[in-house]
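Undergrad:
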């Protein structure tokens with residue numbers, strides 16, 4: 066784990082997010098927010114034969130929340146939906162690769178929580 | 005008699021043990037006193053002394069240490085009364101904090117007096133603690149809420165005040181905005197409210213710690229504030245109200261200490277102020293607040309206010325030079341207390357607060373419990389720097405260089 070919260074990779078995702086935008090023919094559109102921080106993310110999911118065929122997101126908020134959404138899209142595109150329904154938060158945190166303070170955890174996990182709501186209709190218990 | 009003492013931030017800060025510590029390897033630069041102030045050693049020691057030497061339940065024991073505890077607790081009330089120029093210590097009700105003080109008025113006076121169809125007038129800049137209780141009361145008794153708007157400088161728009169006060173039973177208003185720093189013209193607004201037949205409740209959480217407050221001169225009916233923002237401990241706050249009002253109001257919480265005579269099916273109420281203080285009070289905290297009042301009194305609140313004005317002038321000047329910054333609230337320190345909110349073009353407030361924390365600088369990022377105000381300003385969050393007696397101009401410089409360093413990270 067790096068102790069540099071704003072390591073280059075996170076800033077790169079924040080400035081040039083992957084899969085940023087919308088899908089006009091999305092099967093699932095799901096918005097998630099942290100009212101406390103004002104972070105907002107909307108996922109557009111295109112399903113393809115039991116897999117996540119394509120994904121886009123739009124959002125605004127802090128670097129942690131937006132970079133985490135961008136990284137998550139790289140991790141989930143093409144994966145089986147059954148697997149994504151229980152996508153482990155720790156996999157995303159490992160990808161972020163930084164120590165997240167308790168106060169910033171909601172920023173880091175907004176994307177994965179929003180994905181779970183999109184695929185399950187609610188947020189299942191943490192692993 | 006309290007010895008007066010000149011206010012010099014450099015020497016005052018040595019009274020605060022926490023200001024000697026380092027955070028992330030850097031000296032702590034504490035710019036979040038609007039959230040809670042730091043505590044001078046004299047307050048910590050006074051509470052410690054109570055627990056070590058005379059901890060006992062006040063008001064009941066006939067033994068020595070209980071009498072000592074009672075005397076210290078009631079002496080603190082007396083000093084708070086003097087500090088805000090209350091007509092009598094009987095008008096000083098100890099609560100847990102400002103929020104509880106406001107809720108006391110909601111439950112006691114509000115339920116008994118606010119009629120169906122009546123209006124409660126608030127402002128767009130209220131902290132949630134002076135908004136949500138009135139939403140709940142309005143729903144309960146079928147009253148309606150209306151709001152005084154702010155202009156783009158963060159000042160209340162008062163040109164239509166008389167019209168807006170029609171059919172209003174209560175005006176609930178903050179003395180100083182915790183987010184914008186705006187100091188509201190309470191005396192003038194209270195006069196207008198009284199002409200219209202409304203009572204006035206003031207949220208003074210951001211005012212009493214930072215400026216002279218004379219509740220009689222302000223001419224208001226209820227005035228609420230917290231101990232922990234004025235060098236005192238958490239867990240103690242104050243509701244001041246005019247005695248005639250308090251006498252007419254039903255009790256808030258029921259239990260021990262607030263009664264005179266209890267029978268199986270009914271009870272009579274204790275005299276003021278204890279009628280509103282059910283259960284064992286926050287004794288150490290009350291005594292600690294008394295010590296905090298003495299601590300502030302030695303400087304004089306006029307000097308506390310002028311020290312903060314100097315800092316606000318300096319900070320507004322320095323911050324407006326930062327590229328991509330938007331400052332909120334008035335530019336005139338005459339009506340701008342020691343809290344400054346701002347946003348940066350390309351850095352979210354939470355990212356900024358995290359990055360300057362690396363430099364040991366504590367600032368607040370978020371909605372500051374004023375979400376409707378954030379909506380009005382069109383932002384999700386701001387960063388807020390707030391000052392107190394122990395802050396120096398060089399800490400403003402450190403904040404500015406912290407911001408510039410953060411901007412390099414995000415460049």
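Chains as they are written, first to last, in the working numbering: chain H, 66 to 192; chain X, 5 to 415. Every residue gets a Cβ at the ideal spot worked out from N, C-alpha and C, and that includes glycine. Bear in mind the structure is a predicted one, so any value in this text is a computation, not a measurement.
So, with DSSP's three-state summary, where would you put residue 83/H?
TA: Working through the first chain from its first residue, we reach residue 83/H at position 18. Here residue 83/H sits in coil by DSSP.
Undergrad: Which class does residue 75/H belong to by DSSP, given the choice of helix, strand or coil?
TA: In the first chain, residue 75/H corresponds to position 10, counting from 1. Reduced to three states, the DSSP call for residue 75/H is helix.
Undergrad: To test your reading of the DSSP string, which unbroken alpha helix (DSSP H) runs of 4 or more residues are found completely within the stretch 259-331 of chain X?
TA: Segments of the alpha helix (DSSP H) lying fully in the stretch 259-331 of chain X: 287-303, 305-323.
Undergrad: Quick check on the DSSP output: what are the complete beta strand (DSSP E) runs of length 3 or more inside the stretch 366-393 of chain X, in order along the chain?
TA: Runs found: 368-370, 386-390.
Undergrad: Please report whether the beta-carbon of residue 158/H lies at a distance below 8 Å from any beta-carbon of chain X.
TA: Walking along the first chain from the start, residue 158/H turns up at place 93. No, residue 158/H does not count as interfacial toward chain X.
Undergrad: From the DSSP secondary-structure annotation, give me the bridge partner or partners of residue 340/X.
TA: Looking up residue 340/X in the second chain gives position 336. Partner(s): 186/X.
Undergrad: For residue 33/X, which three-state DSSP category applies?
TA: By 1-based counting over the second chain, the position of residue 33/X is 29. Strand.
Undergrad: If you pair each beta-carbon of the stretch 130-141 of chain H with each one of the stretch 157-172 of chain H, do three or more pairs fall below 8 Å?
TA: Because the criterion of three Cβ pairs below 8 Å is met, the stretch 130-141 of chain H and the stretch 157-172 of chain H touch.
Undergrad: Give the list of continuous beta strand (DSSP E) stretches no shorter than 3 residues that lie fully inside the stretch 155-211 of chain X.
TA: As far as the stretch 155-211 of chain X is concerned, its whole beta strand (DSSP E) runs of at least 3 residues are 172-178, 203-207.
Undergrad: Looking only at its chain, what residues have a beta carbon closer than 7 Å to the beta carbon of residue 91/H, apart from the 5 residues adjacent to it on each side?
TA: In the first chain, the residue the question calls residue 91/H occupies position 26. Closer than 7 Å at the Cβ level, and outside the excluded window around residue 91/H, lie 109, 110, 111.
Undergrad: Determine whether the Cβ of residue 101/H lies closer than 8 Å to any Cβ atom of chain X.
TA: Within the first chain, numbered from 1, the residue matching residue 101/H stands at position 36. Closer than 8 Å to some Cβ of chain X, the Cβ of residue 101/H qualifies, so yes.
Undergrad: Name the two residues that bound the continuous beta strand (DSSP E) containing residue 95/H.
TA: On the first chain, position 30 is the one that residue 95/H refers to. Counting along the chain, the beta strand (DSSP E) containing residue 95/H begins and ends at 93-99.
Undergrad: Which term fits residue 134/X, buried or exposed, when burial requires 16 or more other beta carbons within 10 angstroms of its beta carbon?
TA: By one-based count along the second chain, residue 134/X stands at place 130. With 16 or more Cβ atoms within 10 Å of its Cβ, residue 134/X is classed as buried.
Undergrad: Would you kindly check if the distance between the Cβ of residue 411/X and the Cβ of residue 363/X is under 8 Å?
TA: Here the question's residue 363/X lines up with position 359 in the second chain. Here the question's residue 411/X lines up with position 407 in the second chain. Not closer than 8 Å, so no.
Undergrad: Residues bridged to residue 105/H by DSSP?
TA: Taking the first residue of the first chain as 1, we reach residue 105/H at position 40. In DSSP, residue 105/H forms a bridge with 98/H, 125/H.
Undergrad: Among 169/H, 130/H, 165/H, 119/H, whose alpha-carbon lies nearest the alpha-carbon of residue 89/H?
TA: By one-based count along the first chain, residue 89/H stands at place 24. Residue 89/H has its Cα closest to that of 119/H, out of 169/H, 130/H, 165/H, 119/H.
Undergrad: Keeping to the same chain, check which residues put their C-beta closer than 6 Å to that of residue 257/X; ignore five residues upstream and five downstream.
TA: What you label residue 257/X is simply residue 253 of the second chain in a count that begins at 1. Result list for residue 257/X: 282, in chain order.
Undergrad: Output yes or no for whether 8 Å exceeds the beta carbon distance between residue 37/X and residue 310/X.
TA: Stepping through the second chain from its first residue, residue 37/X is reached at position 33. Stepping through the second chain from its first residue, residue 310/X is reached at position 306. Not closer than 8 Å, so no.
Undergrad: I think residue 233/X touches residue 209/X, with their Cβ atoms under 8 Å apart; what is that distance to the nearest whole Å?
TA: As a first step, residue 233/X is located in the second chain; it is residue number 229 there, counting from the start. As a first step, residue 209/X is located in the second chain; it is residue number 205 there, counting from the start. Right, the Cβ-Cβ distance comes to about 6 Å (below 8 Å), so this counts as a contact.
Undergrad: Using C-beta distances below 7 Å, list every residue in its chain close to residue 104/X, excluding the 5 sequence neighbours before and after it, in chain order.
TA: If you number the second chain from 1, residue 104/X lands on position 100. Cβ within range, chain order: 241.
Undergrad: Measure from the alpha carbon of residue 368/X to the alpha carbon of each residue in 86/X, 374/X, 379/X, 353/X, then state which is nearest.
TA: Your numbering for residue 368/X matches position 364 in the second chain. Answer by Cα proximity: 353/X.
Undergrad: Would residue 161/H count as contacting chain X if we go by Cβ distances under 8 Å?
TA: Taking the first residue of the first chain as position 1, residue 161/H is located at position 96. Judged by the 8 Å Cβ criterion, residue 161/H is not in contact with chain X.
Undergrad: Got a sec: is the Cβ-Cβ distance from residue 143/H to anything in chain X below 8 Å?
TA: As a first step, residue 143/H must be located in the first chain, where it is residue number 78. Not an interface residue.
Undergrad: Classify residue 67/X: buried if its beta carbon has 16 or more other beta carbons within 10 angstroms, exposed otherwise.
TA: What you label residue 67/X is simply residue 63 of the second chain in a count that begins at 1. So residue 67/X ends up on the exposed side.
Undergrad: How long is the line joining the alpha carbons of residue 25/X and residue 19/X, rounded to whole angstroms?
TA: The residue you call residue 25/X lines up with position 21 of the second chain. The residue you call residue 19/X lines up with position 15 of the second chain. In a straight line, the C-alpha of residue 25/X is about 13 Å away from that of residue 19/X.
Undergrad: Going by CA-CA distance only, name the one from 106/H, 126/H, 127/H that's closest to residue 182/H.
TA: Here the question's residue 182/H lines up with position 117 in the first chain. Answer by Cα proximity: 106/H.
Undergrad: List, in chain order, every chain H residue whose beta-carbon is nearer than 9 Å to that of residue 414/X.
TA: Taking the second chain and counting its residues from 1, one reaches residue 414/X at position 410. 71, 76, 79, 80, 128, listed in chain order.
Undergrad: Using 10 angstroms around the beta-carbon of residue 167/X, count the other beta-carbons present and answer buried if the total reaches 16, otherwise exposed.
TA: Looking up residue 167/X in the second chain gives position 163. Residue 167/X should be labelled exposed.
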